[in-house]
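For reference, the structure is listed below as structure tokens.
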């Protein structure tokens, strides 16, 4: 069983965060951050935009990149940047619960893959949340009680996906609750905090919740939200079983098409 540190905040990933972003450039700003980390480069946001949008005439400060920024588009942009600079890199979806590109891995397998990726220097993680992209730069796994010290963790069990803390005396702890697993997220947005921590339980709920319901990773304290006719989101109190039911959607107009959430975690690797 491979051991991982109980907590990790990678300095290289953090130092490469391209901040601030233009108003609508979160996906491209994250891509610049990831590219610079993977290949030890120092390209700017404007240089990246010039490569990806050579015919753009408008001021990037006011141009809305949002409609063009999808999960597949970001992965394709990464290929374009690699080709432009004569480099080799790959991307893949680590965890996605909805849609045609959903992953087959379980929640526990996804966490193992995320922890492994964050301990791999030539790997970076992009988190697609509500109307926004950000970067996962680290994690903290907390013991359940303050009188126990743990320096490392392992994934064990029959499936190799049960997370356990290893105490400093060499003994193995009990299983770690999802609410004690925190992912550290870096944000390129000018008006948002540079770093925030989200529990793995929250990230899982965000990725697995179906429209018209959603969670906002930038404002997790708002809880469960429902999309309104005005394209905004309002807090609601709905049982999670109802929210994730694939048959009944009580807050959707008759005849409307239900699409799976595009929220996911994408991995990028510098070959």
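Numbering (our numbering), first residue to last: 916 to 1186.
For glycine and all other residues, C-beta sits at the position ideal for the given N, C-alpha and C.
Check, Outcome
"Own chain, CB closer than 6 Å to residue 1151, minus 5 neighbours either side, in chain order", "1139, 1141"
"Simplified DSSP state of residue 1028, which is helix, strand or coil", "helix"
"Own chain partners of residue 920 with C-beta closer than 8 Å, once the 5 adjacent residues on each side are dropped", "1034, 1066, 1067, 1068"
"Beta carbon of residue 1047 nearer than 8 Å to that of residue 1134", "no"
"Contact test: residue 1084 Cβ vs the ligand GTP heavy atom, cutoff 7 Å", "Questions concerning the ligand GTP fall outside what the structure shown contains, since it holds no ligand whatsoever."
"CA nearest to the CA of residue 985, picked from 950, 1044, 1023", "1044"
"Pick from 981, 993, 935 that is closest to residue 963, judged by C-alpha positions", "993"
"Unbroken stretches of the beta strand (DSSP E), 3 residues or longer, contained in the region 953-1012", "1004-1010"
"Spatial distance of residue 1042 from residue 988 (CA atoms)", "14 Å"
"Burial state of residue 925, where buried means 16 or more other Cβ atoms lie within 10 Å", "buried"
"Through-space distance from residue 1078 to residue 1063, alpha-carbon basis", "16 Å"
"Segment contact, 8 Å Cβ cut-off, at least three pairs: the region 1088-1107 with the region 1047-1061", "yes"
"Touching by the beta-carbon criterion (3+ pairs, under 8 Å), the region 1116-1129 and the region 1003-1022", "yes"
"Touching by the beta-carbon criterion (3+ pairs, under 8 Å), the region 931-945 and the region 972-984", "yes"
"N-terminal and C-terminal residue of the beta strand (DSSP E) that residue 1118 is part of", "It is not in any beta strand (DSSP E) - residue 1118 instead sits in the alpha helix (DSSP H) that spans 1115-1123."
"Classification of residue 948 by the beta-carbon crowding that lies within 10 angstroms, buried from 16 upward", "buried"
"Buried versus exposed call for residue 1028 [16 or more other C-beta atoms within 10 Å across all chains shown]", "buried"
"Nearest to residue 1105 (by Cα), restricted to the options 1072, 1049, 1073, 1032", "1049"
"Alpha-carbon spacing of residue 1180 relative to residue 933, whole angstroms", "19 Å"
"Among 1120, 1128, 1031, the one whose alpha carbon lies nearest that of residue 1144", "1128"
"Exposure label - residue 1156; buried when at least 16 CB within 10 Å", "Residue confidence for residue 1156 is low, a pLDDT of 45 falling below 50, so the modelled location carries little weight; the figure read from the coordinates is stated next. Exposed, because fewer than 16 other Cβ atoms sit within 10 Å of the Cβ of residue 1156."
"Contact check, residue 1185 vs residue 1004, beta carbons under 8 Å", "yes"
"Simplified DSSP state of residue 1034, which is helix, strand or coil", "coil"
"Nearest neighbour of residue 1117, chosen from 970, 1040, 1178, 952 [CA to CA]", "1178"
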